[in-house]
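Student: In this note's numbering, the protein residues as written are 4 to 145.
First the structure, then my questions, so here it is.
In structure tokens, the structure reads:
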């Protein structure tokens, strides 16, 4: 898999936020995150910074945003840290994960224990973006 920066989607980015642990791309109605190889992604060291920056830029608490985790690198997520996210009264409209890695599938199952909504899994970033752009239509069919 390649980074959003190397796709046609990059032309639609409203804001790019770069961190030492990864990159976040803000689009109209959704964001795409790409975390670097080997990171153990946690609330305190990573997600809090992203949340603060994205929510300040978009002027929302996340309830109008869809997060797409574009897992182009291998890293782990501290799944219980979703509780810290929700404890701050943050929310997400939807959450999708792009991965073609079986280990990531195991992580998604564990994350889903703590995330309040269904996590959608995709094998391509293009499919995930189509889902995000058509979220209302797609989710009403389920």
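Every residue gets a Cβ at the ideal spot worked out from N, C-alpha and C, and that includes glycine.
Please read these numbers as outputs of a predicted model, since none were measured by experiment.
Which residues in the same chain as residue 60 place their Cβ atom closer than 7 Å to its Cβ, once the five residues preceding and following it in sequence are excluded?
Tutor: 18, 29
Student: For residue 98, name the three-state secondary structure that DSSP assigns.
Tutor: strand
Student: Using the C-alpha atoms, what's the distance from residue 4 back to residue 129?
Tutor: 11 Å
Student: Would you say residue 4 reaches chain B, if we count a Cβ-Cβ gap shorter than 8 Å as a contact?
Tutor: Although the question refers to chain B, the structure presented lacks it and comprises just one protein chain.
Student: Kindly indicate which three-state DSSP category residue 140 falls into: helix, strand or coil?
Tutor: helix
Student: Residue 92: buried (16+ other C-beta within 10 angstroms of its C-beta) or exposed?
Tutor: Any reading at residue 92 must be qualified, since the residue scores a pLDDT of 48, below 50, and its modelled position is unreliable; the value itself is stated next. Under this definition residue 92 is an exposed residue.
Student: Contact defined as beta carbons within less than 8 Å: I believe residue 50 pairs with residue 99. What is the distance between those atoms, to the nearest angstrom?
Tutor: With 8 Å as the limit, residue 50 and residue 99 do not qualify as a contact, their Cβ atoms being about 16 Å apart.
Student: Run through DSSP, which three-state label would residue 39 get?
Tutor: coil
Student: Give the DSSP-derived three-state secondary structure of residue 71 in the structure shown.
Tutor: strand
Student: The alpha helix (DSSP H) that contains residue 53, what's its start and end?
Tutor: For residue 53, the enclosing alpha helix (DSSP H) has its first and last residue at 51 to 61.
Student: What does DSSP give as the partner residue(s) for residue 28 in the beta ladder?
Tutor: 19, 35
Student: If you draw a straight line from the alpha carbon of residue 39 to that of residue 23, how long is it in whole angstroms?
Tutor: 8 Å
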